[in-house]
Amino acid sequence: MDLADIMLMTEDELRKAVLYHNDLYYKKAKPEISDFEYDMLVSRLKELEEKNNPSDKISQIIGSDLTPGAKTIRHAEKMYSLSNVYSSEELKAWFNSLNLPDSEIKATAELKIDGFSINLTYEKGKLKTAATRGDGTEGEIITANASVIESIPQKINYNSFIEIRGEVYLPVSEFIRINEERNELNEKKFVNPRNAAAGTIKVKDREIVRKRKLQAFFYALGKNELHKDQNETLKFLEKQNFPINKNYKIIKNWKDLEEFISFWDLKRSELNYEIDGIVVKVNDYKEQQRLGFTAKSPKWAIAYKFKAEEKETVFENISFQVGRTGAVTPVAELKPVFISGTTVSRATLHNEDEIKRLDLHIGDTVRIIKSGEIIPKILRVNKNKRLPNAVPVKFPKKCPSCDYPLKKIPGESITYCNNSSCPAQLQRRVEHFCSRDAMNIEGLGEALIKELINHKLIDSLPDIYKLDYGKISDFEKQGEKSVSNLQKAVEKSKEQTLDKIIFALGIRYAGAKTAKNIADYFENIENLMNAKRFQYLLIDEVGEKIADSMSEFFSDEKNLQMIERLKEYGVRFTYNKTEVTDKLEGKKFLVTGTLTKFNRKEIKKLIEQKGGKNISAVSKNLDYLIVGENAGSKLKKAQEIGSVKIINEEEFMRLLEK
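Just so you know, we're using the working numbering here: the sequence shown kicks off at 68 and counts up by one.
Right under this line is the structure:
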């Protein structure tokens with residue numbers, strides 16, 4: 068997966084991909100793509116969601132840290148998230164809107180530690196449980212691992228039940244040491260200190276947790292009737308030997324807050340831990356009570372997020388990636404620089420126009436930016452530091468993989484290699500063909516595909532169905548079971564449906580949803596092979612560009628021969644007609660809790676078949692929340708909104724019968 072492929076994905080495909088990789092990353096700890104690729108997916112989705120403004124923005128949803136099957140505990144008091152502001156104007160407006168009475172202390176300003184939240188409970192002075200934030204209502208139990216973090220007290224001088232809240236983090240120096248060690252062992256490096264800390268706390272070996280030297284700062288109690296204000300709570304925590312971040316400030320007026328933010332925005336790079344902003348809290352607890360909460364956040368606290376961090380580094384070289392459609396994307400190779408919790412060594416350059424805009428020369432000193440999930444980007448060149456003999460970057464005239472002349476489509480910024488035999492394109496096409504949402508051939512991953520191409524066992528997509536499995540065993544040194552499983556997966560893929568195969572063919576602009584619409588219209592591969600351009604324009608959500616691309620693909624004799632070969636090798640191009648009704652037309656649904664009559668996939672498919680839409684978050688736009696057993700925070704939020712119809716599985720079935 069590269070930037071060119073991602074830029075061609077539809078919003079629907081990006082949403083599915085982000086949710087899929089969120090699940091792999093947060094819950095299964097088995098990522099299939101690099102952190103750089105994941106960043107690109109989220110960034111592109113965010114661009115499209117900001118443009119199209121859907122009711123449920125997947126790019127803004129944080130993956131739940133609850134691991135399926137793991138033991139959880141309900142928090143005595145809900146762990147809310149904080150609302151964010153990104154400018155001093157927004158912060159000042161919030162601060163002034165509080166209408167706080169005149170007092171010596173109006174608020175506290177604390178550094179926002181970039182780690183993960185933890186909730187500790189103590190009873191009779193002893194640590195009882197430790198849990199992650201989870202979904203805010205319940206967290207995953209991590210008591211055993213938390214007990215080896217030195218900064219978490221095992222005993223305190225307080226006998227009643229009490230909840231203590233804090234943030235676990237990995238010091239920057241420790242992060243660098245761990246990554247150097249992992250690099251020497253040829254292990255995948257952690258992307259940033261926050262992810263390293265969150266991953267470490269869930270490992271099964273406590274000795275690993277101990278060796279990685281996680282630390283914690285504490286800042287709040289769960290339910291607090293002990294103190295009258297936040298300042299008192301911080302002093303109480305310190306007295307009980309909980310580390311507090313002493314870089315907080317008592318805020319008497321707006322000027323105090325402004326000065327505090329300016330100071331730490333400049334000094335944050337000198338800290339041995341990552342911070343991504345300032346948390347401002349109303350100091351007086353009676354005032355906090357008066358202001359209250361929204362469904363998601365306290366109204367008496369806010370997080371001011373620092374602007375994206377910028378740093379200078381050296382632009383050392385440039386590489387050009389060739390995607391499955393032939394799109395050529397330039398990538399800047401940088402002198403590694405630590406920025407926003409990540410060591411950055413590459414940045415996207417998008418296309419030839421961007422290279423010209425920047426006037427890039429090899430060896431230039433460049434200003435880069437990276438914040439949160441945004442792809443590292445070159446902002447500008449510091450031309451005052453340009454070397455006398457610096458060589459300007461020129462976009463290649465020929466493909467870096469096959470030496471074929473490159474072509475730019477009029478009106479587009481992307482440059483293409485149109486050689487269908489290009490090795491780089493073949494690699495990407497085969498990867499796409501075998502991917503989960505296409506032919507779903509498990510076991511045929513990037514490394515093995517590269518070997519097969521190098522050994523001339525794959526020169527085209529149909530070659531997948533005439534593989535010599537004996538040779539695979541020889542050069543890949545895989546066991547009989549692995550080869551047998553691969554063979555079974557290849558055979559099973561022959562039964563894939565027409566829409567999946569259309570998507571698998573990698574036709575430019577034809578994403579998964581478009582492929583489904585096209586399959587529903589033509590119903591068999593023969594109709595599709597003989598289709599005229601105007602017919603595509605009759606299909607829902609198919610415009611001029613897709614019609615041109617589809618027509619061009621099926622007018623190419625090589626592509627028609629490829630499809631005939633796939634048929635010869637047993638690929639069935641099966642079309643399963645789905646009965647679609649409008650019973651739920653326009654209605655938005657969300658499923659929560661454990662279902663007994665359906666599984667999640669079945670009920671979501673049924674909703675779509677009946678004309679409804681599945682969304683991923685509770686909001687005022689949600690029509691129905693389908694509730695199973697052990698429903699949690701989504702149910703509570705829907706109840707608070709009031710306009711959402713809450714139904715169980717039986718009521719959903721009756722809805723279908725109406």
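Where a beta carbon is used, it is the ideal one built from N, C-alpha and C, also for glycine.
A quick note: this is a predicted structure, and the numbers were derived from the prediction, not measured.
May I have the straight-line CA-CA distance separating glutamate 608 from asparagine 312, to the nearest angstrom?
Near 54 Å, if we compare the C-alpha coordinates of asparagine 312 and glutamate 608.
Please classify methionine 74 as buried or exposed, where buried requires at least 16 neighbouring CB atoms within 10 angstroms.
So methionine 74 counts as buried.
What residue range does the beta strand (DSSP E) around lysine 173 cover?
Bounds of any beta strand (DSSP E) do not take in lysine 173, whose DSSP letter is neither H nor E.
For a test of the three-state rule: what should DSSP assign to isoleucine 445, helix, strand or coil?
Reduced to three states, the DSSP call for isoleucine 445 is strand.
Which residues in the same chain have their Cβ closer than 6 Å to the Cβ of alanine 84, if we skip the five residues on either side of it in sequence?
If we look at alanine 84 and ignore the five residues flanking it on each side, its Cβ neighbours are Leu108.
Alpha-carbon spacing of leucine 673 relative to leucine 86, whole angstroms
Note on geometry: alpha-carbon atoms of leucine 673 and leucine 86 lie some 20 Å from one another.
When Phe620, Gly201, Ser700 and Met76 are compared against threonine 659, the one with the closest alpha-carbon
Here the closest residue by C-alpha is Ser700.
Counting only runs of 3+ residues fully inside the region 222–271, write out the beta strand (DSSP E) ranges in chain order.
Runs found: 229–236.
Does the separation of the CB atoms of glycine 695 and lysine 654 fall below 8 Å?
Taking 8 Å as the Cβ cut-off, glycine 695 and lysine 654 do not qualify as a contacting pair.
Buried or exposed for serine 240, please, with buried defined as at least 16 other CB atoms from any protein chain shown within 10 angstroms of its CB.
Within a 10 Å sphere around the beta-carbon of serine 240 sit fewer than 16 other beta-carbons, which makes this residue exposed.
For phenylalanine 387: DSSP bridge partner residues:
According to DSSP, which records beta bridges pairwise, phenylalanine 387 is partnered with Pro397.
My assumption, with CB atoms under 8 Å, is that leucine 194 sits in contact with glutamine 221. Please give the rounded CB distance.
At roughly 5 Å, the Cβ-Cβ gap stays under 8 Å, so leucine 194 and glutamine 221 are in contact.
Rounded to a whole number of angstroms, what is the C-alpha to C-alpha distance between phenylalanine 656 and isoleucine 613?
Going by C-alpha positions, phenylalanine 656 is about 30 Å away from isoleucine 613.
Whether or not the region 159–170 and the region 199–212 are in contact is what I'm after, with contact meaning three or more pairs of Cβ atoms, one per stretch, closer than 8 Å; do they touch?
The region 199–212, when compared against the region 159–170, does not touch it at the 8 Å Cβ threshold.
Could you check where the alpha helix (DSSP H) with asparagine 163 kicks off and where it finishes?
Segment 155–164, the alpha helix (DSSP H) holding asparagine 163.
Do isoleucine 268 and valine 276 count as a contact pair if the criterion is CB distance below 8 Å?
The Cβ-Cβ distance between valine 276 and isoleucine 268 falls below 8 Å.
Quick one: is the Cβ of alanine 375 within less than 7 Å of any heavy atom of the ligand GDP?
Summarising the ligand content, the structure contains no ligands, and the ligand GDP is consequently not present.
Does asparagine 410 come out as helix, strand or coil in the three-state DSSP assignment?
What sits at residue 410 in the sequence shown is threonine, not asparagine. In the structure shown, threonine 410 sits in a strand (DSSP, three-state: E or B).
Glutamine 676 versus phenylalanine 665 - alpha carbon distance
Straight-line Cα distance between these residues: approximately 15 Å.
Glutamate 116 and alanine 579: beta carbons closer than 8 Å?
With contacts defined as CB atoms closer than 8 Å, glutamate 116 and alanine 579 fail to qualify as a contacting pair.
Pick out whichever of Leu553, Leu528 and Ala684 has its Cα sitting closest to the Cα of glycine 510.
Nearest of Leu553, Leu528 and Ala684 to glycine 510, Cα basis: Leu553.
Nearest residue (CA-CA) to proline 260, options Gly546, Lys599, Ala368 and Gly182:
Closest by alpha carbon: Gly182.
Do you know offhand how far alanine 176's Cα is from tyrosine 236's?
Straight-line measurement puts the Cα of tyrosine 236 at about 19 Å from the Cα of alanine 176.
Assuming proline 238 and asparagine 339 are in contact, meaning their beta carbons sit under 8 Å apart, how far apart are those beta carbons, in whole angstroms?
In this structure, proline 238 and asparagine 339 form a Cβ contact; the two beta carbons are roughly 5 Å apart against a cut-off of 8 Å.
Please go through the same chain and pick out, in chain order, the residues whose beta-carbon is closer than 8 Å to the beta-carbon of tyrosine 483, but skip the five residues on each side of it.
Answer for tyrosine 483: Thr392, Gly393, Ala394, Val395, Leu473, Lys474, Lys475 and Ile476, listed in chain order.
Ignoring anything shorter than 3 residues, give me the beta strand (DSSP E) runs that lie fully in the region 630–714, in order along the chain.
Here the runs fully enclosed are 655–659, 691–694 and 712–714.
Which residues does DSSP list as the beta-bridge partners of tyrosine 483?
In DSSP, tyrosine 483 forms a bridge with Ala394 and Lys474.
Across which residues does DSSP place glycine 206 in a beta bridge pair?
According to the DSSP secondary-structure assignment, glycine 206 is paired through a beta bridge with Ile140.
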